[in-house]
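Read in order, the letters of the sequence shown are residues 0 to 556 in numbering that gives the first Met the number 0.
Read through the structure below, which is laid out as structure tokens, and then see the notes.
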Amino acid sequence: MTSPDSLAGLDTSVFWLSNQAGGWVHLLPPLTKRRILCITPYDAVEWMLARECAHLTRVNLEVPVASERTDGANIRRIGLTELLTNQDAAADRWDGLIVHDPEGELVNRRSRDDIASLLDWAGARIAQSGFVYLGIANPWSVQRLVSAVRRRRHRGPVPCSPGDVETLLRRASWSPSRKYPLLLDGSRVVQVLGSLGYRSTKNREKRRERVKELLLGRLGSAHFAAAYALVSLGSHCDKTVLDQLIDWTRQATPLAHTDTPVLKEYLVLAGHKAVITLGPRDDEQHDVVAIMTGDSLATQRRISESATLGKLAQLGGEFRHAFPRSLGRVDIGAARGFFVTRIPGVTLDQDTPALEAVTDAALDFLIRFHQRTAASVVVDGQTVSNRMWSIVEAGKQRNSAIADDLESWKLPLRRCLEGLTLPLVWMHGDYKIENVMYDARTYRLTGVIDWEHAMIPGLPLLDALYLLVFNRHVRGVPLLDAVRDVIVDGMTALEKSRIDRYCSQLAIPSAARPALEALFFVHHVGHRIHMGLDTTGWQRYRSLLERIGKRLIPAER
0 MTSPDSLAGL DTSVFWLSNQ AGGWVHLLPP LTKRRILCIT PYDAVEWMLA
50 RECAHLTRVN LEVPVASERT DGANIRRIGL TELLTNQDAA ADRWDGLIVH
100 DPEGELVNRR SRDDIASLLD WAGARIAQSG FVYLGIANPW SVQRLVSAVR
150 RRRHRGPVPC SPGDVETLLR RASWSPSRKY PLLLDGSRVV QVLGSLGYRS
200 TKNREKRRER VKELLLGRLG SAHFAAAYAL VSLGSHCDKT VLDQLIDWTR
250 QATPLAHTDT PVLKEYLVLA GHKAVITLGP RDDEQHDVVA IMTGDSLATQ
300 RRISESATLG KLAQLGGEFR HAFPRSLGRV DIGAARGFFV TRIPGVTLDQ
350 DTPALEAVTD AALDFLIRFH QRTAASVVVD GQTVSNRMWS IVEAGKQRNS
400 AIADDLESWK LPLRRCLEGL TLPLVWMHGD YKIENVMYDA RTYRLTGVID
450 WEHAMIPGLP LLDALYLLVF NRHVRGVPLL DAVRDVIVDG MTALEKSRID
500 RYCSQLAIPS AARPALEALF FVHHVGHRIH MGLDTTGWQR YRSLLERIGK
550 RLIPAER
């Protein structure tokens with residue numbers, strides 16, 4: 000597998016996009032040792048696949064360019080004409096054909112005969128241990144019906160539908176294909192649907208979600224999705240990563256001898272990550288979640304989360320079922336899968352009628368959780384170094400450009416906090432409303448997920464501030480503005496009452512709040528922000544950092 004370092008010097012925006020583009024690859028067999036023939040209009044997909052496989056040949060359908068090799072990478076680019084006519088190229092063999100074109104930029108502009116010719120030509124050159132994958136647009140999706148009608152008014156080629164391509168795959172002697180509906184955000188795959196169709200597990204109160212469930216349910220998803228992934232395996236091909244995850248679930252969970260797990264939800268997230276829910280078809284109480292990571296940082300965070308979940312499992316009482324339970328880890332090719340139990344319920348990341356009620360429930364839960372895990376200490380120099388300055392060091396390491404500014408906070412932070420009695424608590428570290436699960440009917444909180452940023456023990460107040468800041472963000476406020484409004488420019492009366500209630504219940508001295516608010520900002524920077532921003536963005540963060548730093552000086556006692 001190609002390391003990111005071997006692709007150094009290429010456009011960083013391509014790497015960012017490839018980092019957002021890759022979670023759908025678990026529909027394929029492991030790519031680590033494979034030679035892949037790829038057709039895609041997206042550079043980001045090219046670079047993502049190059050990091051996954053042993054060698055990548057990318058075909059340009061539009062321009063018959065001469066062969067081109069990329070220095071320092073395992074990529075060859077070749078024009079279609081050369082591929083079909085060059086004797087050396089024609090003699091090549093591959094372990095897989097990947098055609099990823101979910102917007103129809105290339106494939107749906109070509110005739111049925113063109114696609115048939117390509118599959119016939121490639122079929123003889125793909126090993127029996129190989130596979131064919133086609134991620135193609137659906138010309139009959141709701142979004143494309145109008146444009147499909149317009150295309151038919153012209154005398155161009157009739158676009159190939161997923162059904163047409165399935166027929167062509169069979170005629171090219173490939174095994175019956177798996178067909179997965181895809182949901183898109185532009186060109187990016189954001190969700191893969193299983194046989195149950197679309198199930199709304201986020202922002203369920205929105206009308207849009209109810210319409211999606213209606214149109215893309217068990218029946219509609221087979222016909223009206225924006226795009227489809229078709230996967231056909233050779234007779235000696237390894238199982239797909241997804242199938243191996245299903246096998247692991249069957250063997251390693253109590254469902255092993257009762258029900259065969261099915262795919263229920265497959266979310267493709269940023270950071271080359273996917274969250275895949277598996278479970279018995281008609282039972283949601285025994286679902287499990289496979290969190291798939293593809294880079295070292297995400298993997299390390301999931302290892303840390305597994306350790307945290309082990310500690311949370313020991314709390315008992317009302318917290319016994321409030322957190323996922325770690326079930327184990329499986330490595331498949333370059334992917335790392337971390338299995339946890341699924342917390343029942345839904346969540347939200349938009350402003351819905353449930354937001355205020357769920358926020359109150361989340362704050363009440365947080366207060367009880369922090370009271371249960373609190374250990375009061377009299378803050379001394381060691382406490383500052385071990386529990387507080389470590390957060391600043393993480394911010395400095397991630398953003399060296401502001402290291403000197405953060406270093407200047409050391410003495411003011413110490414003066415603000417030393418001698419105060421402060422509860423150290425088990426800190427979630429990303430306590431936003433999106434990570435709170437609740438019952439869609441009663442708005443009762445059912446649990447809290449995503450513990451990868453947890454600190455045990457950690458600092459009080461930071462989780463409550465995350466809840467308020469991300470609530471503003473959910474309502475459309477840019478994240479930096481939300482941080483500034485809550486920390487510097489002043490909370491609303493409702494926000495202030497919530498924070499005052501938290502501080503009262505946890506016995507947090509008012510003198511400690513400026514320092515804890517400053518540490519919240521640094522924690523946010525240390526976990527989410529790279530200062531490689533545009534000039535305006537950099538200046539705004541720098542200005543906010545200076546304003547927060549000045550608030551520490553009057554707070555010194």
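Using N, Cα and C, we set each Cβ at its ideal position, and we do this for glycine too.
Predicted model, so just to flag it, every value in this text is computed and none were measured.
Once the 5 residues before and after residue i are set aside, which same chain residues still bring their CB inside 8 Å of it?
i: I547; result: I486, V487, E516, A517, F520
i: L326; result: A251, T252, V287, F338, V339, T340
i: V383; result: L412, R413, L416, E417
Pull up the DSSP beta-bridge partners for residue i, would you.
i: R335; result: T292, D330
i: P422; result: S375
i: M47; result: Beta-bridge pairing links M47 to no other residue.
i: F130; result: G95, L232
i: C37; result: R57, I97
i: D184; result: R187
i: S325; result: V339
i: A273; result: V267, M291
i: G278; result: V261
i: L444; result: Y437
i: V345; result: Y437
i: I77; result: V58
i: G457; result: V424
On a CA-only basis, which of the options is nearest residue i? Give me that one, please.
i: H235; options: S194, S128, D348, C37; result: S128
i: S542; options: R335, L79, L405; result: L405
i: D94; options: R50, L27, L117; result: L27
i: T166; options: P180, I114, E212; result: I114
i: K178; options: S186, Y227, Y197; result: Y227
i: V287; options: W139, V435, I448, W173; result: I448
i: G309; options: F322, T298, G316, E317; result: F322
i: A453; options: D438, V476, G428, Y437; result: G428
i: Q299; options: G315, R328, A312; result: R328
i: L83; options: A53, P101, L118; result: L118
i: D480; options: A333, G315, G536; result: G536
i: H526; options: S389, F318, P101, T358; result: S389
i: V435; options: L229, V357, L461; result: V357
i: A402; options: F368, A334, L544; result: L544
i: Q538; options: S305, D330, A400; result: A400
i: R324; options: I290, R335, W46, H522; result: I290
i: H369; options: V376, Q504, S305, G489; result: Q504
For the putative contact between residue i and residue j, defined by C-beta atoms under 8 Å, what is the C-beta separation to the nearest angstrom?
i: G457; j: W408; result: That belief does not hold up - the Cβ atoms of G457 and W408 are roughly 18 Å apart, past 8 Å.
i: L296; j: L262; result: Not quite, the Cβ-Cβ distance comes to about 27 Å (not below 8 Å), so this is no contact.
i: L218; j: A224; result: Not really, about 12 Å apart at Cβ, beyond 8 Å.
i: A374; j: P422; result: 7 Å
i: G97; j: I135; result: Sequence inspection shows Ile at residue 97; the Gly mentioned does not correspond to that position. At roughly 12 Å, the Cβ-Cβ gap does not stay under 8 Å, so I97 and I135 are not in contact.
i: L551; j: P411; result: 4 Å
i: P138; j: S160; result: 6 Å
Can you find the residues in the same chain that come closer than 6 Å, C-beta to C-beta, to residue i, ignoring five residues on each side of it along the sequence?
i: D294; result: H271
i: R209; result: none
i: D4; result: Per-residue confidence for D4 stands at a pLDDT of 40, beneath the threshold of 50, marking its modelled position as unreliable; the derived number appears in the next sentence. Nothing listed; no residue qualifies.
i: I74; result: A49, L55
i: W173; result: V131, S231
i: H99; result: T39, V44, G134
i: A439; result: R203, V345
i: K32; result: A53
i: T307; result: W450, A453
i: G196; result: L215, G216, R217, S220
i: L311; result: F322
i: Y540; result: none
In chain order, what residues of the same chain lie with their CB nearer than 7 Å to the CB of residue i, ignoring the 5 residues before and after it?
i: E283; result: P343
i: K549; result: none
i: R92; result: R124, A126
i: L419; result: V378, P508, A510, A511
i: D237; result: P28, P29
i: A506; result: P422
i: S176; result: E165, L168, L229, V230, S231
i: K557; result: The displayed coordinates of the chain run from 0 to 556. Any statement about residue 557 would go beyond what the structure contains.
i: R474; result: D350
i: S186; result: Y41, P101, E102
i: T259; result: R249
i: I455; result: T307, K310, W425
i: Y430; result: L365, D462, Y465, L466
Return yes when the C-beta of residue i is under 8 Å from any heavy atom of the ligand FAD, and no when it is not.
i: P40; result: Questions concerning the ligand FAD fall outside what the structure shown contains, since it holds no ligand whatsoever.
Taking 8 Å as the cut-off, does the stretch 344 to 355 touch the stretch 385 to 394 (at least 3 CB pairs, one atom from each stretch)? Inter-segment contact for the stretch 385 to 394 and the stretch 344 to 355 is absent: fewer than three beta-carbon pairs are separated by less than 8 Å.
Can you find at least 3 beta carbon pairs, one from the stretch 442 to 461 and one from the stretch 357 to 366, that sit closer than 8 Å? Contact between the stretch 442 to 461 and the stretch 357 to 366 is established, with three or more Cβ pairs separated by less than 8 Å.
Three or more beta-carbon pairs under 8 Å between the stretch 271 to 283 and the stretch 235 to 248, yes or no? Flag = yes, the stretch 271 to 283 and the stretch 235 to 248 touch.
Touch test, the stretch 186 to 197 against the stretch 264 to 271, Cβ-Cβ under 8 Å, three pairs minimum: At 8 Å Cβ cutoff, the stretches touch.
Counting pairs of Cβ atoms below 8 Å between the stretch 479 to 498 and the stretch 450 to 469, do you hit three or more? Segments in contact, yes.
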